[in-house]
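Residue numbers (the working numbering): 290 to 645. Just so it is clear, CB atoms sit at the ideal spot from N, CA and C, and this is done for glycine as well. Only a predicted model underlies this, so the values are computations on that prediction, with no experimental measurement involved.
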Ligand SMILES: Nc1ncnc2c1ncn2[C@@H]1O[C@H](COP(=O)(O)OP(=O)(O)OP(=O)(O)O)[C@@H](O)[C@H]1O
Ligand SMILES: [Mg+2]
């Protein structure tokens, strides 16, 4: 019946609303958004940074790139901060602003978000899981699912997660490292070590100050790590060098320092030892039935997996020949998008799709 009571009137179809599914990897350093598009994904990335009022950290003034540009250059009363620390949501209002921005980026104007899947650290507590779900719903999604980043990474990397043999993901990000064993489509075991690329950058700053009496910026430390970084291992890699200008702690004047691969490897050492410690715990608990799968199918993901020597060092320490993902910083987002697009993502057919 029409609203005018006129039986002949043509009923007007409600405007068709496009409902999107989005996968979001809410990372410590980067938030990656993946939107399923046919068999592929449209990928977007924003820095996980928001600008807030100093005296009211929940009043978000800018998000992402815009906020990042304010880092170090903000007026006195505004600060640029990260809503996540060590992979954990520190401030709900800030994380929500980040998530809303991520959703806006992932959809076109006039569209809505039907389903979002958010990747969170595997050891997140119920409270943290609920917080992430709540934020997603408040940000306007109709259906929110949170999944472990490790499981999402495995799906995104096309690992055979549904098989009973087992497979493992080592996700070394900026704030945390997740080691996840998966079999029969679920998480068999997980170990989260709260170390990552940020700790390496901090250690580089410390080592340069100790060795050369020069203070350098954390950004230069990160740049040096990315350019010449390596991990001590049984194989020899070329010792590259990277020049930065810091502040002499003796004269307060500019001073040039050369950061070489050996210095970065020294800075990585405590971090890689912590990761190996986590791996040893996983191996200690691993049922023999899963060893073959883990031996054959372990993949390292996360930005820090790009450090030269990771594969070799893990083999030295564990006899497991790992593979390094060729798109380490987007696999988690891709995995969440696969789950968002296909609620049956853990079924074998979808796994095949994930491998494309
Ligand atoms: N080529 C590279 N060599 C070494 N480290 C790198 C390289 N590229 C990126 N990184 C590091 O990877 C980290 C970012 O990785 P990623 O985007 O996976 O982290 P995240 O998902 O934001 O963090 P988390 O998962 O811990 O919440 C940073 O510490 C960055 O310095
Ligand atoms: Mg991550």
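Leaving out five residues before and five after residue 398 in sequence, what residues of the same chain have Cβ atoms less than 6 Å from its Cβ?
none
Are the CB atoms of residue 341 and residue 390 within a distance shorter than 8 Å?
no
Taking C-beta to C-beta, are residue 524 and residue 601 nearer than 8 Å?
yes
Between the C-alpha atoms of residue 508 and residue 557, what's the straight-line distance to the nearest angstrom?
16 Å
Residue burial classification, residue 302 (beta-carbon count within 10 angstroms, cutoff 16)
Since pLDDT at residue 302 reaches only 49, below the 50 mark, its modelled position is unreliable, and the value read off the structure follows with that caveat. Exposed.
Three-state class that DSSP yields for residue 530 in the structure shown:
strand
Taking 7 Å as the cut-off, is the CB of residue 318 close to at least one heavy atom of ligand 1?
yes
Can you tell me where the beta strand (DSSP E) holding residue 625 begins and where it ends?
Counting along the chain, residue 625 falls outside any beta strand (DSSP E), though it belongs to the alpha helix (DSSP H) covering 620-630.
Given residue 252 as reference, the closest of 382, 359 and 338 once Cα atoms are compared
In this structure the chain extends from 290 to 645, so residue 252 is not present and cannot be described.
Nearest-angstrom beta carbon gap, residue 403 and residue 308 [assumed within contact, 8 Å]
3 Å
One question on the structure: do residue 441 and residue 628 come within less than 8 Å of each other, judged by their Cβ atoms?
yes
Please identify the residue among 455, 438, 396 and 354 whose C-alpha is closest to the C-alpha of residue 330.
396
What's the C-alpha gap between residue 511 and residue 337?
16 Å
Check whether the Cβ of residue 314 sits closer than 7 Å to any heavy atom of ligand 2, and report yes or no.
yes
For residue 261 and residue 376, I'd like the C-alpha separation in whole angstroms.
As displayed, the chain neither begins before 290 nor continues past 645, which places residue 261 out of reach and without an answer.
Can you look up residue 309 in the DSSP assignment and give me helix, strand or coil?
strand
So what's residue 484 in DSSP terms, helix, strand or just coil?
coil
Which whole-angstrom value is the C-beta distance of residue 655 and residue 456, which I expect to be below 8 Å?
Residue 655 lies beyond the range of the chain shown here (290 to 645); nothing can be said about it.
Kindly list the residues whose CB is nearer than 7 Å to the CB of residue 571, restricted to its own chain and excluding five residues on each side of it in sequence; keep chain order.
468, 470, 478 and 480
Can you list, in chain order, the residues of its chain whose CB lies under 8 Å from that of residue 642, leaving out five sequence neighbours each side?
For residue 642, the pLDDT reaches just 38, beneath the cut-off of 50, and the residue's location in the model is therefore unreliable, although a value from the coordinates is still provided. Correct list, in chain order: 328, 627 and 631.
Exposed or buried, residue 623, counting other C-beta atoms within 10 Å across all chains shown (16 or more means buried)?
buried
I want to see whether chain D comes within less than 8 Å of residue 389, judged by CB atoms only; does it?
No chain D appears in this structure, which consists of one protein chain only.
So the candidates are 366, 528, 387 and 358; which of them puts its Cα closest to the Cα of residue 319?
387
Straight-line CA distance for residue 364 to residue 346?
15 Å
C-alpha distance - residue 625 paired with residue 615, whole-angstrom precision
18 Å
Could you check if residue 555 belongs to the surroundings of ligand 1, using beta carbon to heavy atom distance under 7 Å?
no
At which residues does the alpha helix (DSSP H) containing residue 419 begin and terminate?
415-427
Please classify residue 577: is it buried, with 16 or more other beta-carbons within 10 angstroms of its beta-carbon, or exposed?
exposed
In three-state terms, what does DSSP make of residue 343?
coil
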